[in-house]
Structures are given as C-alpha cells and as structure tokens.
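For reference, the structure is listed below as structure tokens.
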Amino acid sequence: MTMHDGIDVTAHGRLFAREVLRRPTLTPDEMPDLARDKVFTSRDAVGRAAVVAAIRREAGSILVASGHPEPLVRKVLKLEGWWQPGKAKTDQDKGRARR
C-alpha cells in the first residue's frame, strides 16, 4: 500500500484504473471517493495535484501490468514523459523531496 500524506494512493489508483477504462476523460479528482475525502479536499491546489499525479501513475502501472499498451495508457492518463510503469518514485519526485 502506497500512502501520500494520509491518502491511500494504491486503493485510489486501483479504482481509477477500473473507472478510466469506462470513461477515458475521467480524472482522479472527479472520483466520488476522493472528492469526499477530507484529507484530500483540505489540501491546497498544489497538494491535490500531487496526489492526483500519484494516483495517475499508480493506475498507469496497473493498466500496463494488465496488458494495456503503454503508449495508449500514457495518452489516456496524460502521464508525463518521465513516468515508467512499476516505478514507485520517479527521479523527479525524489528531487522534489530534497527541496
């Protein structure tokens, strides 16, 4: 289980991966469970964006591991070029943590 300051990214990533297959334009912050999460909604815009990005990466890893083509997953989930499936933390994330 991966947590992001009190938010279960693994669980939300699984839910998002399942739902985005049905609705490709869905974003993580539109999911009812996350929208009702007081820890998420109490964050500022930057904090919410970081959680959304982590959920997108988690969902991307799940979808690629399930056999969906990586280029399509990147496109639908709007994942940046530095994302790699199965990678818990990116080098960019590590750089942000040092700041």
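Every position in the sequence shown, counted from 1, becomes a number in the working numbering once 9 is added.
For glycine and all other residues, C-beta sits at the position ideal for the given N, C-alpha and C.
These numbers come from a predicted model, not from an experiment.
Under 8 Å between C-beta atoms of residue i and residue j
i: Pro-37; j: Val-73; result: no
Of the residues the options, the one placed nearest residue i, counting alpha carbons only
i: Arg-65; options: Val-29, Gly-56, Gly-76; result: Val-29
i: Gly-22; options: Gly-56, Glu-67, Asp-53; result: Glu-67
i: Leu-81; options: Pro-33, Leu-24, Gly-56, Ala-20; result: Pro-33
Exposure of residue i, with buried meaning 16 or more beta-carbon neighbours within 10 Å
i: Ser-70; result: buried
i: Gly-76; result: exposed
i: Ala-58; result: exposed
i: Ala-54; result: exposed
Coarse secondary structure for residue i, derived from DSSP in three states
i: Met-12; result: strand
i: Asp-46; result: coil
i: Asp-53; result: coil
Between the segment 36-50 and the segment 15-22, are three or more C-beta pairs nearer than 8 Å? Flag = yes, the segment 36-50 and the segment 15-22 touch.
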